[in-house]
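Working notes, structure below.
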Amino acid sequence: MNNNTPNDHLTIESLWQFSLQYYSMREIKEACLYLQNHFHGNVNLLLALKWLDEHRLTFPSAQWAQVIQSLGRTEALLLHFRELRRKSKQHLPESLYRDSLQFELQLERQQQADIIDIIHRIELSKVEAPHLADDYCHQLGAEHLAIIFNKQRP
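Counting in this note's numbering, the sequence shown runs from 1 upward without gaps.
Written out as structure tokens, the structure reads:
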């Protein structure tokens with residue numbers, strides 16, 4: 001990892017806690033799900049990018065491909081499992097459905113760990129005007145959602 005970054009803040013646990021807090025806001029949750037369902041965006045990636053924005057960190061545009069590739073190990077499994085869980089919701093006992101949600105959360109956390117792993121390998125630098133979440137929304141054609149994600153947290 002680049003020595004210019006605050007290593008102590010860039011941990012799996014700190015990203016997970018940030019994600020839980022940020023995603024708990026109704027407007028953010030709705031925007032994340034809209035990004036996922038209508039633009040095929042990755043919510044974990046968006047959360048990690050927003051987290052980097054909050055720390056005023058960025059990476060060179062040439063490293064976007066590496067960041068996106070970090071999703072490869074878990075993305076297909078997560079998408080298939082999520083679809084299976086949704087389809088079987090009405091047919092599963094409540095306890096089994098809750099277990100499937102917990103398993104999906106474990107997959108989400110693993111995906112965040114993969115993202116953190118690549119963040120530790122790429123060149124990060126400080127930036128005055130954070131823009132990673134905004135850039136991601138623009139890449140997906142979801143510019144209108146960037147406005148929601150760019151609002152200051154309470």
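Cβ coordinates follow ideal geometry from the N, Cα and C atoms, glycine included. It should be emphasised that the depicted structure is a prediction, and the values quoted were computed from it without experimental measurement.
query = Does the beta carbon of Y97 come closer than 8 Å to any beta carbon on chain B?
reply = Of the chains in the structure shown, none is chain B; there is only one protein chain.
request  = Measuring alpha carbon to alpha carbon, tell me which of A113, F59, A133 and V67 ends up nearest L47.
outcome  = Out of A113, F59, A133 and V67, A133 has the C-alpha closest to the C-alpha of L47.
DSSP state of S125 mapped onto helix, strand, coil = Reduced to three states, the DSSP call for S125 is strand.
query = Between the C-alpha atoms of H55 and H91, what's the straight-line distance to the nearest angstrom?
reply = C-alpha separation (whole angstroms): 43 Å.
query = Roughly how many whole angstroms lie between the Cα atoms of L49 and L101?
reply = Going from the Cα of L49 to the Cα of L101 covers about 24 Å.
query = Bridge partners of L57, per DSSP?
reply = Partner residues in the beta bridge of L57, as assigned by DSSP, are K126.
Neighbourhood of H38 by C-beta, 7 Å cutoff - its chain only, sequence neighbours within 5 removed = So the list is empty, once near-sequence residues are dropped.
ask   = Is it the case that the Cβ atoms of L107 and L77 are separated by a distance below 8 Å?
value = Closer than 8 Å, so yes.
ask   = Could you give the C-beta distance for I28 and Y22, rounded to a whole number, given that I count them as a contact under 8 Å?
value = Sure, about 6 Å apart at Cβ, within 8 Å.
inquiry  = I need the DSSP call for Q102, collapsed to helix, strand or coil.
reply    = Residue state, collapsed to three classes: helix.
message = Since D114 and L45 should fall inside the 8 Å C-beta cutoff, what is the C-beta to C-beta distance between them, to a whole number of angstroms?
response = Not quite, the Cβ-Cβ distance comes to about 10 Å (not below 8 Å), so this is no contact.
ask   = Starting from T74 and walking both ways along the alpha helix (DSSP H), at which residues does that stretch end?
value = Per DSSP, T74 belongs to the alpha helix (DSSP H) from G72 to S88.
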